[in-house]
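Mapping of the sequence shown onto numbering that gives the first Met the number 0: position 172 corresponds to residue 171, and the numbering continues sequentially without gaps.
The beta carbon of each residue, even a glycine, is placed where N, CA and C say it ideally should be.
A quick note: this is a predicted structure, and the numbers were derived from the prediction, not measured.
Notes follow the structure.
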Amino acid sequence: MDTAPPFALLLDVDGPIASPVTRTVKPEIIALLNELGAAQIPIIFNTGRSDAFIRGQVMEPMIEAGMPDGLMVHAVCEKGATWFSFTAGGAGTVHVDRDLAVPSEFADDVRGLVSAKYAEHMFFDETKRAMVSVEQRVDVSNEDYRAEQERFDADALTLMGQHGLTAARLDHHAPGSDDEVDYRVDPTIISTDIESVRLGKDLGAARACERLRRDGIVPAAWFTMGDSRTDYAMADWLHHNDHTVVHVDVRPADGVPEKPYEIHTAAYLGLGPEVIHDDAGLAFLARWWDALGTA
């Protein structure tokens, strides 16, 4: 690229891009992603989702909507454990860091636990290559799921101990909760991820920058976007590595922490507190697209 892009986008998927209710992406978001990419804005997804989810819910809709020739989008999945790139021609090779994978014997036992005790409220995500994830069924209310999630998380921790694995349930308000364990049980609003403590949105940010450097791309600034406290780690990493970054929190109900960089919520756009998740994500993508037209 002859000139540095004015900004790059590092985007969580569940929440800001895909609806946590339907698990699908609005056509308006797909269209904006294609338009921003065509304008030479680098787009990298930084997600706990699997490569299969990104292919089905993001890549294929972008291609069907007329993804521009020459546009390459990158996806860092499973919080940095897997990654791949895609173009209008489809997905490239999926890379997997096997050193960061949860033992397969433990994964098998979690699958059995879900089947035997929790199948009415959640399902085992068979598409994950390194993490173990259990997700809310779409026909179950979130309130009912969250009650069962507490019990599942406790059972998962017990099961990890039986496998000789050291683990702790992540407290999103206690940064030291990963200390002295090898794995974490990370509850989100619609799932629980069981993963190596070496995974995280900061690792995803590092892999994103590495991918862009290989292409000779150094953005002038970054916008990161997420819907949970753990998503701030990507902006933290960028800031600590001397990048200019603004983080967008599309679900600030957990509280907006003090950070040394700018944080925007829907209120920044003059929108009310009811505008969250992919509604807020759509509004910010539209704002960034409009800014390109007036630059």
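query                                                                                                                                                                              : result
When the Cα of residue 318 is compared with those of 185, 222, 243, which residue comes out closest?                                                                               : As shown, the chain starts at 0 and ends at 294. That puts residue 318 outside it, with no answer to give.
When DSSP builds the beta bridges, which residues end up paired with residue 76?                                                                                                   : 81
Per DSSP, residue 148 forms a beta bridge with which residues?                                                                                                                     : In DSSP, residue 148 forms no bridge with anything.
If you compare alpha carbons, which of 231, 256, 162 is closest to residue 244?                                                                                                    : 231
With the cut-off set at 9 Å, would you say residue 312 and residue 93 are in Cβ contact?                                                                                           : Nothing about residue 312 can be reported from this structure: the residues present for the chain run from 0 to 294 only.
For the alpha helix (DSSP H) that residue 111 lies in, which residues bound it at each end?                                                                                        : 103-112
In this structure, how does DSSP classify residue 6 when only helix, strand and coil are distinguished?                                                                            : coil
If you draw a straight line from the alpha carbon of residue 126 to that of residue 52, how long is it in whole angstroms?                                                         : 8 Å
Looking only at its own chain, which residues have a Cβ that is under 7 Å from the Cβ of residue 236, when we skip the five neighbours before and after it?                        : 201, 204, 205
Give me, in chain order, the residues of the same chain whose beta-carbon lies closer than 7 Å to that of residue 37; leave out the 5 immediate sequence neighbours on both sides. : 67, 70
With three or more beta-carbon pairs closer than 8 Å as the criterion, would you say the stretch 130-149 touches the stretch 205-216?                                              : no
Alpha carbon to alpha carbon, what distance is there between residue 160 and residue 166?                                                                                          : 8 Å
Please state whether DSSP places residue 98 in a helix, a strand or coil.                                                                                                          : helix
So residue 318 and residue 44 are in contact, right, with Cβ under 8 Å, and what is the actual spacing, rounded?                                                                   : With the chain represented from 0 up to 294, any question about residue 318 goes unanswered, as that position is not in the structure.
When the Cβ atoms of the stretch 181-196 are set against those of the stretch 212-222, are three or more pairs found closer than 8 Å?                                              : no
Does DSSP classify residue 15 as helix, strand or coil?                                                                                                                            : coil
Straight-line CA distance for residue 279 to residue 272?                                                                                                                          : 10 Å
Which same chain residues end up closer than 8 Å to residue 181 when comparing Cβ atoms and leaving out the 5 residues on each side of it in sequence?                             : 164, 165, 166, 195, 196
Around the Cβ of residue 172, are there at least 16 other Cβ atoms within 10 angstroms (buried) or fewer (exposed)?                                                                : Because residue 172 sits at a pLDDT of 49, beneath the cut-off of 50, its placement in the model cannot be relied upon, and the following sentence gives the value as read from the coordinates. Exposed, by the Cβ-count rule.
Give me the Cβ distance between residue 199 and residue 79, rounded to the nearest whole Å; I'm assuming they're in contact under 8 Å.                                             : 7 Å
Could you check how far apart the C-beta atoms of residue 281 and residue 28 are, in whole angstroms? I think they sit under 8 Å.                                                  : 5 Å
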